[in-house]
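Protein chains in written order, with the numbering used here: chain A, 1 to 287; chain B, 1 to 384. Every residue gets a Cβ at the ideal spot worked out from N, C-alpha and C, and that includes glycine. Here is the structure we will look at.
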Ligand code: SF4
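Structure (structure tokens):
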């Protein structure tokens, strides 16, 4: 697989980045480390917003706490930086109050799957109308590289100094089994597929979940003989695209292929659709 | 099913009156998690909200409930949750969050016996201090404490008005007995209700560059909802007038002082209490909620026995009425503080009294409210 650079980024000259108008003035430089995967996910997201021609006044982005949690604040959207683990319930309230908004959650694996794990599974079960992008960097980056719910067995982190001895989550399977209508996994470097996938998720009605595997050279890579570009290279080399694969079979293995692709894309009444149904029934009843 | 405002005279429980107060105030979003003894509020709103165009959602826990209401508030809806002790403990993080992000929300705490699971079905008043200090960092809480179903209606409505006016979380701090007590409740007509609506930015989106800039007097910024082009920028991080994170001591001091100040400077106006014969009283009983109601009977009997006893019933516990208590401490020989915990309100009274008079606690760890006899005996004791 080749590392893809977006068209927009390639045509950027000294005049600044073509996506600059999508960012809040004076917020760049961002806080992310060199070689971090989060920036390219943000870029893919903004390009998807652009190509999908999403009306900017209807774009809301909600993040939790952590390295990825900073995404919301950079974007010139209605942006909400919430508490640790709670972007999904915040987004739930926002979406139910303003169904016409396009509410996205961009947050990290620790935020969404550890401290916020309960909200993640219930949001998928409800099929609440939210688009979630979960950036999985395999550890807690912001706090200095601690073990997380996605840390591979044996990996060294600051709180697993002898190697992680817990099994990690298979996030896509977790969310698929709870009832999400769209589930995919991509690498942060695969900006083109990621952008298309985000775009596709915009067109779905219900709960969508895209896991993005992202290198964290500074905290995860450094402690696991994956310095600088090595972790990204490892991910690219090991990744294999298998659209439609059974999510039960795509747990990220200690060795061998890391399966990416679109795994789930089906229809199921969304929370808002069911709520509308309830309202219609009540209306009928009262007239 | 019913009208938006259930105008008329009813016989209803405190919890139902609370739900009706919310609807009358314009609450159109409720997120909650079942917990005794507050669940009737959620049940009532589950039935009522869809019929008035509102949304009810039962969340997966109290953490989710307490931040879903913040999300809905930024979506432009008046929003509320209701809970009791253990759930209230879980909500503390989002009380701080709503305070820091200036999100108007209403929380209702129907107090039960604690700590921990404690006494799910029986009364307590042990959340007095948690209501004020439960979240981390410096903040101010507005806590209204009703003593009857009528006040649960009135104060819930008032809580929404205050939340919108001050852009802050407001607590209705009731208890199991008042929540479950069934009494006459008079609900005014919709036209007779005083409703405060959110202060929206006067300038169009392109001109609103400093969304958290305030005037020097009220120090409350207007609030733009999501979805109207304002590119709302909101964070629980310390932030400047643009809403951008400011990770330094000056920015922190400036922001937190403004947030705390916007409540503190209005403390006098927020104060609400009922005074009963305190002017020339030797002993003044200070209480709120169900304990204040029981105290009324004890005070009456003490007066019948010829004692000079008064009652100060707090209707707003936080901000605490420091100056009023200080004045009382100058005139009364003793202040008597009955409460259903082992000494929380009494500490505040002691603090405000500055040692000017005797402050005596009448405490019980919870499960029942103090008997009028107990309070009467304490009055007689301090009067000796
Ligand atoms: S710590 Fe890791 S995830 Fe966080 S910004 Fe640095 S590289 Fe990225």
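> Would a check of beta-carbon distances place residue 9 (chain A) closer than 7 angstroms to chain B?
Replying inline: Note on residue 9 (chain A): pLDDT 43, under 50, position unreliable in the model; no value is reported.
> Taking Cβ-Cβ distances shorter than 8 angstroms, what residues in chain A pair up with residue 236 (chain B)?
Replying inline: Here the neighbours are 81, 82 and 83.
>> Using 8 angstroms as the cut-off, can you tell me whether the stretch 200-215 of chain A makes contact with the stretch 133-140 of chain A, which would need three or more C-beta pairs spanning the two stretches below that distance?
In response: yes
>> I believe residue 224 (chain B) touches residue 208 (chain B) by the beta-carbon criterion, under 8 angstroms. Please report the beta-carbon distance rounded to the nearest angstrom.
In response: Rounded, the Cβ-Cβ distance is 7 angstroms, consistent with contact.
> Using 7 angstroms as the limit for Cβ to Cβ distance, is residue 155 (chain B) near chain A?
Replying inline: It does not: the Cβ of residue 155 (chain B) has no partner Cβ on chain A nearer than 7 angstroms.
>> So for residue 225 (chain A), helix, strand or coil by DSSP?
In response: coil
>> Beta carbons nearer than 9 angstroms to chain A: which residues of the stretch 15-40 of chain B have them?
In response: Correct list: 28, 29 and 31.
> Is it true that the stretch 211-225 of chain A meets the stretch 184-191 of chain A, where meeting means three or more beta-carbon pairs spaced less than 8 angstroms apart?
Replying inline: yes
> So, helix, strand or coil for residue 219 (chain B), using DSSP?
Replying inline: coil
> In chain A, which residues lie less than 9 angstroms from residue 184 (chain B) when you measure between Cβ atoms?
Replying inline: Under the 9 angstroms cutoff, chain A gives no residues; its nearest Cβ is about 28 angstroms from residue 184 (chain B).
> Just to confirm, are residue 105 (chain B) and residue 18 (chain B) a CB contact at a threshold of 7 angstroms?
Replying inline: no
> At a CB-CB cut-off below 7 angstroms, which residues of chain B make contact with residue 78 (chain A)?
Replying inline: 226, 227, 231 and 232
> Excluding five sequence neighbours on each side, which residues of the same chain lie with their C-beta closer than 6 angstroms to the C-beta of residue 159 (chain B)?
Replying inline: Annotation for residue 159 (chain B): 106, 144, 170 and 172 place their beta carbon closer than 6 angstroms to its own, counting only its chain and skipping 5 residues before and after.
> When we look at the beta-carbon of residue 78 (chain A) and count the other beta-carbons within 10 Å, is it buried (16 or more) or exposed?
Replying inline: buried
> In terms of residues, what are the limits of the beta strand (DSSP E) holding residue 173 (chain B)?
Replying inline: 169-175
> If you drop the 5 nearest sequence neighbours on each side, which residues of the same chain put their C-beta closer than 6 angstroms to that of residue 11 (chain A)?
Replying inline: Here residue 11 (chain A) scores only 47 on pLDDT, less than 50, and its place in the model is too uncertain to base an answer on.
>> Within 10 Å of its beta-carbon, does residue 132 (chain B) have 16 or more other beta-carbons around it, so buried, or fewer, so exposed?
In response: buried
>> Taking 6 angstroms as the cut-off, is the beta-carbon of residue 33 (chain A) closer than that to any non-hydrogen atom of ligand 1?
In response: Yes, Cβ of residue 33 (chain A) sits closer than 6 angstroms to a heavy atom of ligand 1.
> What residues in the stretch 346-364 of chain B bring their beta carbon closer than 7 angstroms to a beta carbon of chain A?
Replying inline: none
> To the nearest whole angstrom, what separates the beta carbons of residue 254 (chain B) and residue 220 (chain B), a pair I think is in contact under 8 angstroms?
Replying inline: Residue 254 (chain B) to residue 220 (chain B), Cβ: 15 angstroms. No contact.
> Can we say the stretch 113-128 of chain B touches the stretch 243-260 of chain B, given the rule of at least three CB pairs closer than 8 angstroms?
Replying inline: No: the two stretches stay apart, fewer than three of their Cβ pairs being nearer than 8 angstroms.
> Counting pairs of Cβ atoms below 8 angstroms between the stretch 83-94 of chain A and the stretch 137-148 of chain A, do you hit three or more?
Replying inline: Segments in contact, no.
> Does the distance from the C-beta atom of residue 96 (chain B) to that of residue 65 (chain B) stay below 7 angstroms?
Replying inline: no
> Between residue 30 (chain A) and chain B, is there a C-beta pair that is closer than 7 angstroms?
Replying inline: no
> So does residue 104 (chain A) have its beta carbon nearer than 6 angstroms to some heavy atom of ligand 1?
Replying inline: no
>> Residues of the stretch 87-104 of chain A in Cβ contact with chain B at a cutoff of 7 angstroms, in chain order, please.
In response: 89, 90, 91, 92, 93, 94, 96, 97, 98, 100 and 101
>> Relative to the C-alpha of residue 371 (chain B), which candidate in B:299, B:317 and B:319 has its C-alpha closest?
In response: B:299
> For chain B, is any of its Cβ atoms less than 7 angstroms away from the one on residue 266 (chain A)?
Replying inline: no
> Any idea what DSSP makes of residue 159 (chain A), helix, strand or coil?
Replying inline: coil
>> Quick check: what's the CA-CA separation for residue 237 (chain B) versus residue 344 (chain B)?
In response: 31 angstroms
>> As a quick exercise: from B:181, B:128, B:98 and B:213, pick the residue whose alpha carbon is nearest that of residue 164 (chain B).
In response: B:98
>> Three Cβ pairs or more, each shorter than 8 angstroms: is that satisfied between the stretch 228-236 of chain A and the stretch 45-57 of chain A?
In response: no
> Closer than 7 angstroms, CB to CB, is residue 60 (chain A) near chain B or not?
Replying inline: yes
> Since residue 201 (chain B) and residue 230 (chain B) are thought to touch, with beta carbons under 8 angstroms apart, how far apart are those beta carbons, to the nearest angstrom?
Replying inline: 7 angstroms
> For residue 55 (chain B), which of helix, strand or coil comes out of DSSP?
Replying inline: strand
> Are any of the Cβ atoms in chain B nearer than 7 angstroms to that of residue 279 (chain A)?
Replying inline: Under the Cβ distance rule, residue 279 (chain A) counts among the residues neighbouring chain B, one pair being separated by less than 7 angstroms.
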